[in-house]
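Those letters in the sequence shown? Residues -22 to -1, 1 to 368, per mature numbering (1 follows the signal peptide of the UniProt record, and there is no 0), in order.
Below: the structure, in structure tokens.
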Amino acid sequence: MSRYPRLRPLAALAAACLSACGGNDSTPTATTSGVVTGSYFEHARVCIDANNNAQCDSGEPSTFTDARGAFTVSGQGPVVAEVDTDAFRNDDAGGHAAVTRKLVFRAPAGSNAVISAISTELAALMESNGGNLDVARTQLAERLGVAADKLLGDHNKETDAKVKATLQAEIEQAIDLIADAVASGGNIGAAIKDGVTKRLALNNIKNVVVIYAENRGFDNLYGLFPGANGIPGVNATAVGTAEPQKDFDGTTLSTLPPTWGGLTAAGQSVTLPEANTVGWANKPFRIDDPAGVNGSGVVVGQNVITRDLVHRFYNNQMQINGGKNDRFAAFSDAGGLVMGYYDGSSMAMWQMADGRWQMADGRWQMADGRWPGIMCWPTISSWARSVARS
């Protein structure tokens, strides 16, 4: 008689169960589902980026998004979405537009339900901070002024209009950055990371200071600056040609007018009388030429003060001449001196353009001088009783 009669049926049942499990593996295949947004990208190729190289390689599981940007792909891990020019961008208002520039979006593993330009920025930041998603989200959220949990959501479904507009604006700017990185070729991931890092550096800017060199044109001080659109024919990066100066009647001047009253101001150690400025070529010239200004043999260094030049509003309007810029000499009280420029490489202002400052070499001012400010200055009728008085 057996000592364990009740255990035999249980043992038999367990053995049967193990046999059945061993003979039929029913474990489901892991998948990743999500959406490619910005608005919604249709026919974008989505893959599991197994080797984390920011592109879909052969052998990596992939699929294509539907009209709402949705996808389900076999496998789990970091995700890449390749948006080629055969894809479409469908916005939440019903718009349907062809993609014109190739894009690559990324999303880190575990946070890949929404793939977008913003998730791509986060992935790039993680590569710079050792893979910490929380730190990356905090950095980007602070720059945008939104809650960190908004960054990996579908911005199309955001109910706060201000937050939605902020996210959409960031997406558009990041898409341009990504498109440029993809177009440049090479290591796409590294190019995107570099661009994102530079954008994040904007957080370090606390104040923007704009310096206007009063009563001077850009070319007068920065015309020879490397890379600037400066003096035509002298600065290799300048665009176009120097416009020949014309007389009041529109005829081209054979030479520049003399510098009326002489080139240098009274009391200077160097003098260049009016008679020595006759017959100068009708083109820009370097005032501080070490061989002497315009072949005169007289060296007018940067420490020498030249005579004053008129800078009235209506003179400038006539000098610009509807954008032709050909009446500067005619409508100046200093004659040909208005066409002079300096080699500013030894000036402190040049040294400021070392990467911390930007140069507006293509700026067009729609309104001259301080006139707009004067027209809107506030007035206080009861100044004597105003708190502003003290």
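Glycine is no exception: its CB is placed at the ideal position from the N, C-alpha and C atoms.
Who are the near neighbours of residue i in its chain, counting only those whose CB is closer than 6 Å to its CB and skipping five residues on each side?
i      : result
Thr249 : Thr242
Asn272 : Trp258, Phe263
Tyr18  : Arg46, Gly47, Asn68
Arg290 : none
Mind checking residue i: buried by the 16 CB within 10 Å criterion, or exposed?
i      : result
Asp304 : buried
Leu180 : exposed
Glu120 : exposed
Phe306 : buried
Ser11  : exposed
Glu150 : exposed
In whole angstroms, give me the CA-to-CA distance for residue i and residue j.
i       : j      : result
Ser94   : Trp328 : 41 Å
Cys(-2) : Ser52  : Caution is warranted here: a pLDDT of 47 is assigned to Cys(-2), below 50, making its placement in the model unreliable, and no coordinate value can be reported.
Gly55   : Val187 : 45 Å
Gly322  : Asp172 : 32 Å
Leu178  : Asn134 : 24 Å
Ser97   : Gly208 : 41 Å
Leu100  : Gly218 : 42 Å
Ala326  : Thr229 : 40 Å
Leu315  : Ala152 : 47 Å
Asn182  : Ala269 : 45 Å
Val288  : Arg194 : 11 Å
Asn198  : Met317 : 8 Å
Ala114  : Ala87  : 14 Å
Ser232  : Ala220 : 15 Å
Asn294  : Phe196 : 15 Å
Gly37   : Asn29  : 11 Å
Val277  : Gln297 : 28 Å
Asp35   : Asp138 : 38 Å
Val212  : Asn299 : 24 Å
Thr50   : Gly301 : 58 Å
Pro6    : Lys184 : 53 Å
Gly109  : Ala216 : 45 Å
Leu118  : Lys140 : 17 Å
Pro204  : Met337 : 11 Å
For residue i, which residues in the same chain have their Cβ closer than 7 Å to its Cβ, ignoring the five residues on either side in sequence?
i      : result
Thr116 : Ala126
Glu252 : Pro236, Thr237, Trp238, Gly239, Gly240
Gln246 : Val282, Ile283
Phe226 : Ala308
Ala169 : Ala159, Ser162
Asp132 : Val13, Thr15, Val92
Gly279 : Asp266
His74  : Phe66, Asn68
Ala224 : It should be noted that the sequence gives Lys, not Ala, for residue 224. Cβ within range, chain order: Thr230, Leu231, Asp304, Arg305, Ala308.
By alpha-carbon positions, which one of the options ends up nearest to residue i?
i      : options                        : result
Pro71  : Lys171, Gly195, Arg46, Ala65   : Reading off the sequence shown, one finds Ala at residue 71, where the question assumed Pro. The option with the nearest alpha carbon to Ala71 is Arg46.
Thr9   : Gly211, Ile26, Gly16, Ala65    : Ile26
Thr41  : Ala32, Val24, His133, Ile183   : Val24
Gly167 : Gly314, Phe19, Asn31, Leu202   : Asn31
Glu148 : Gly123, Gln223, Lys184         : Gly123
Ser274 : Gly300, Tyr292, Thr255, Arg194 : Thr255
Val174 : Ala244, Asn107, Thr7           : Asn107
Leu103 : Asp154, Asn165, Arg290, Lys176 : Lys176
Asp154 : Gly164, Val82, Cys34, Asp138   : Val82
Gly164 : Pro6, Gln33, Thr7, Met337      : Gln33
Leu234 : Thr7, Gly109, Ser310, Ala216   : Ser310
Taking Cβ to Cβ, would you say residue i is nearer than 7 Å to residue j?
i      : j      : result
Arg67  : Val58  : no
Ala206 : Asp339 : yes
Arg285 : Ala312 : yes
Ala22  : Ala85  : no
Tyr292 : Gly201 : no
Pro222 : Asn260 : yes
Can you name, in chain order, every residue of its own chain whose Cβ lies under 8 Å from the Cβ of residue i, other than the five neighbours on each side?
i      : result
Lys80  : Glu60, Val61, Asp62, Thr63, Ala157, Val160, Ala161
Ser89  : Ser97, Leu100, Leu111, Leu130
Asp44  : Glu20
Glu136 : Lys128, Lys142, Leu145
Ser324 : Gln280
Pro39  : Cys25, Ile26, Val51, Ser52, Gly53
Glu105 : Gly167, Lys171
If we cut at 7 Å on Cβ distances, does residue i have a partner in chain D?
i      : result
Gly239 : In the structure shown, chain D does not exist; there is a single protein chain.
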